[in-house]
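Q:
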Ligand SMILES: *[C@@H]1O[C@H](CO)[C@@H](O)[C@H](O)[C@H]1NC(C)=O
Ligand SMILES: *[C@@H]1O[C@H](CO)[C@@H](O)[C@H](O)[C@H]1NC(C)=O
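Residue numbers (mature numbering (1 follows the signal peptide of the UniProt record, and there is no 0)): -24 to -1, 1 to 370.
1. Helix, strand or coil for residue 319? Go by DSSP, reduced to three states.
2. Quick check on residue 241: does DSSP put it in helix, strand or coil?
3. Apart from the five residues just before and just after residue -4, which ones in its own chain have a Cβ nearer than 6 Å to its Cβ?
4. Quick check on DSSP: helix, strand or coil for residue 356?
5. Checking the sheet assignment: what are the DSSP bridge partners for residue 67?
6. Could you give the first and the last residue of the continuous alpha helix (DSSP H) run that contains residue 81?
7. Any heavy atom of ligand 1 closer than 7 Å to the Cβ of residue 239?
8. I'd like to know whether the C-beta atoms of residue 63 and residue 95 end up nearer to each other than 8 Å.
9. Please go through the same chain and pick out, in chain order, the residues whose beta-carbon is closer than 6 Å to the beta-carbon of residue 178, but skip the five residues on each side of it.
10. Does the beta-carbon of residue 244, which I'm using as the reference point, lie nearer than 7 Å to any heavy atom of ligand 2?
11. Quick one, are the C-beta atoms of residue 331 and residue 355 less than 8 Å apart?
12. Does at least one heavy atom of ligand 2 sit under 7 Å from the Cβ of residue 313?
13. Report all residues from its chain with a CB closer than 6 Å to the CB of residue 211; omit the five preceding and five following residues, and keep chain order.
14. Could you tell me whether the segment 299 to 317 touches the segment 279 to 286, where touching means 3 or more Cβ pairs closer than 8 Å?
15. Let me check you understand the geometry: is the CB of residue 48 closer than 7 Å to at least one non-hydrogen atom of ligand 1?
16. Nearer than 7 Å: is that true of the beta carbon of residue 207 relative to any heavy atom of ligand 1?
17. Is residue 292 helix, strand or coil by DSSP?
18. Is residue 343 near ligand 2, in the sense that its beta carbon is under 7 Å from a heavy atom of that ligand?
19. Any idea which residues DSSP pairs residue 257 with across the strands?
20. Applying the criterion that 16 or more other CB atoms from any shown protein chain within 10 Å of the CB defines a buried residue, is residue 71 buried or exposed?
Structure follows, in structure tokens:
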């Protein structure tokens, strides 16, 4: 009797302590409490960094909160080295807006830069980088800054981005570089189809990146995949306008990390320049691309729905008379259908020095103006099964 009574007390006090821990958890740091003012006129960078600093100093999971409204932000560096918290949520109900003068952030590389952080989640929010004046400068051929990536994660782990809208970036909208485990869900990128270098999401030197249920409309690649990307999963993507999904450009360097295990599943490309592309420089390199699956893709009036281009050498500069050294193998195209905006819907232009191998076509039906399109192959080996239109040239 006494023992069970003691046991009861023990359980009750345990419950009491755990509930008080739960209640104490998740402190919220509102950027307005640190001096941020909405209205888009006063610089909120310092206030944001102070709220971030407070969250970093906490040991329990913490939230940085951005209330509704527009907040002007200069370029901000979120440094994980001085952060001891590995569960920070940044919940954004408002819009972060870049300075209207593109020079303020235009040479800094990134606008919002996270480096060496672990366990950062960004929920909601709109990023408006106001890139239009910089694009106009670039399109006029004047000397302009390169432009900043809107949201960059470098050398970081366990990242989650859910429900973010990124618009009008000066350059790339989102960059994942040197990361392990990044989950991007319900992301929306929007910039005009003629805005230069405004890639939607660029992934390189990273493993375990997932991009789900997202929509990218932009002036360059919807998703671009650089050297050292592996175990990348893209599912339910709507792309267009834009340049499609591109693995590459690869093979600029002689010693370059390869790309492997990439899945693109269930995606629609509308009016894009490419659908799914692999692109390598016509230069010596020991890079590679292998174990790629493109599955359940719909092409709507796409210029190059399926393309491998291993002879990339704009203006024939810096790669004279070279084949690409990048070895492409085991690339599967399964259930790809819709319309091509050009006659050649499937083009495998592989390296003469290192031909493509293990290309697989399984269920392809692409038409051009209601008639069968055509396919073209050079230095490409592989197999075809099921309906394949245009007929395979492998
Ligand atoms: C390929 O990547 C996926 C994640 O995209 C992962 O689940 C799978 O285990 C990887 N396969 C190999 C062989 O590494
Ligand atoms: C290929 O697609 C066209 C246009 O959508 C369609 O009319 C045709 O029946 C399809 N062919 C096969 C074999 O699925």
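For glycine and all other residues, C-beta sits at the position ideal for the given N, C-alpha and C.
None of these values were measured; they are calculated from a predicted model.
A: Once the coordinates are examined:
1. For residue 319, the three-state secondary structure derived from DSSP is coil.
2. Here residue 241 sits in strand by DSSP.
3. Here residue -4 scores only 44 on pLDDT, less than 50, and its place in the model is too uncertain to base an answer on.
4. In the structure shown, residue 356 sits in a strand (DSSP, three-state: E or B).
5. 41 and 99, per the DSSP bridge assignment.
6. Residue 81: member of the alpha helix (DSSP H) spanning 79 to 82, first to last residue.
7. Flag set: Cβ of residue 239 near ligand 1.
8. Yes, Cβ-Cβ distance for residue 63 and residue 95 is below 8 Å.
9. Counting only Cβ-Cβ distances below 6 Å, and skipping sequence neighbours, we find 148, 151 and 200.
10. Not a single heavy atom of ligand 2 lies less than 7 Å from the C-beta of residue 244.
11. The answer is yes: Cβ separation under 8 Å.
12. Indeed, a heavy atom of ligand 2 lies less than 7 Å from the Cβ.
13. Counting only residues of its own chain and dropping the five nearest sequence neighbours on each side, residue 211 has a CB closer than 6 Å to the CB of 188, 241 and 242.
14. With the cut-off at 8 Å, the segment 299 to 317 and the segment 279 to 286 touch.
15. False, no ligand heavy atom lies under 7 Å from that Cβ.
16. Flag set: Cβ of residue 207 near ligand 1.
17. Residue 292 carries a helical assignment under DSSP once its states are collapsed to helix, strand and coil.
18. Set against 7 Å, the gap from the CB of residue 343 to the closest heavy atom of ligand 2 is smaller.
19. Beta-bridge pairing links residue 257 to 288.
20. Flag for residue 71 reads buried.
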